[in-house]
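Read through the structure below, which is laid out as structure tokens, and then see the notes.
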Amino acid sequence: MSIDSENSLFKQIDSNSIPNLIEFEDYFIVDSMPLEVRKFSRHDRVKICKDKLETAPSKGFCASQNNWFYGYKLHGVCSVSGIFHLLDICVLFLKVFLFKN
Numbered sequence: 002m003s004i005d006s007e008n009s010l011f012k013q014i015d016s017n018s019i020p021n022l023i024e025f026e027d028y029f030i031v032d033s034m035p036l037e038v039r040k041f042s043r044h045d046r047v048k049i050c051k052d053k054l055e056t057a058p059s060k061g062f063c064a065s066q067n068n069w070f071y072g073y074k075l076h077g078v079c080s081v082s083g084i085f086h087l088l089d090i091c092v093l094f095l096k097v098f099l100f101k102n
């Protein structure tokens, strides 16, 4: 599309109808699910993706399935109309807090 054809297109579009062409959302649905790399019973034998700590899979707990898994966590943000706006794969880190008496 050339610049002239884009200019003529924008001249034909009524300025009152532009908000109807752009989808605005007030509400979003956020959900997550485990991405299992390997069954948890065999997680100590995994050799892939262990080069860097930032990208290494780790163990996590899925409360909805009531089980432990070894891998990553997939988070999705979707509009009420069902359009995904964001997908993200997160690395799970096991955090240990030490307290002194």
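Just so you know, the sequence shown maps onto residues 2 to 102 in this note's numbering.
Note that beta-carbon positions come from the ideal geometry of N, C-alpha and C, so glycine has one too.
Less than 8 Å between the CB atoms is what I'm expecting for residue i and residue j, so what's the real figure, rounded?
{"i": "Val31", "j": "Val78", "result": "5 Å"}
{"i": "Phe29", "j": "His86", "result": "7 Å"}
{"i": "Leu93", "j": "Lys74", "result": "6 Å"}
{"i": "Gly72", "j": "Val38", "result": "4 Å"}
{"i": "Phe41", "j": "Phe70", "result": "6 Å"}
Give the straight-line distance between the Cα atoms of residue i and residue j, rounded to the nearest whole angstrom.
{"i": "Asp27", "j": "Ser33", "result": "20 Å"}
{"i": "Asn68", "j": "Ser59", "result": "14 Å"}
{"i": "Leu36", "j": "Gln66", "result": "13 Å"}
{"i": "Cys63", "j": "Asp45", "result": "19 Å"}
{"i": "Ile84", "j": "Ala57", "result": "30 Å"}
{"i": "Cys91", "j": "Lys53", "result": "14 Å"}
I need the DSSP call for residue i, collapsed to helix, strand or coil.
{"i": "Lys74", "result": "strand"}
{"i": "Phe25", "result": "coil"}
{"i": "Lys60", "result": "strand"}
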